[in-house]
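Take the sequence shown: its letters are residues 37 to 135, numbered as in my numbering.
Each residue gets a CB set at the ideal place from its N, CA and C atoms; glycine is no exception.
Remember, it's a predicted structure, so these values are computed and weren't measured experimentally.
To start, the structure itself, in structure tokens.
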Amino acid sequence: MSETSNPGELLEAAAKVLIRCFWMGVVILLFWGVTILLARDLVYSVHSTIFPMSPQQFYAIQYVGLSFTKVCVFIFFLLPYISIKLVQRKLSIGRPVRR
């Protein structure tokens with residue numbers, strides 16, 4: 037983008053990046069959750085050989101990790117995306133329609 041780009045183009049580019057990051061975060065969360073659900077014993081055995089822990093500790097760590105990641109994805113990607121879309125809507129309302 038050149039220095040003469042208008043703010044609308046910059047906001048649109050930022051919105052596209054944020055929504056892609058959001059969906060990538062959702063895919064990571066889904067993969068993580070499905071892996072824990074379907075391959076619970078395998079994942080636990082791999083991790084418990086490296087870090088000695090009980091199954092309860094392991095599942096608590098997984099639950100907290102999933103929750104923290106979900107909150108971060110929503111706060112850092114979805115909320116800014118929504119904010120940018122609201123600003124774009126406000127900017128487009130004040131602008132006359134071009135024909």
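I64: member of the alpha helix (DSSP H) spanning P43 to L74, first to last residue.
In the three-state reduction of the DSSP assignment, S90 falls in the coil class, being assigned neither a helical nor a strand state.
Membership of R125 in the alpha helix (DSSP H) is indicated by the continuous run L115 to I129. Spatial neighbours of K121 in its own chain (CB-CB distance under 8 angstroms, excluding positions within 5 residues in sequence) are listed in chain order as A51. Separation of the CB atoms of F58 and V109 is rounded to 6 angstroms, and the pair is thereby assigned contact status at 8 angstroms. With a cutoff of 8 angstroms on beta-carbon distance, V79 and T71 are scored as near each other.
Rounded to the nearest angstrom, the gap between the Cα atoms of M60 and S90 is 31 angstroms.
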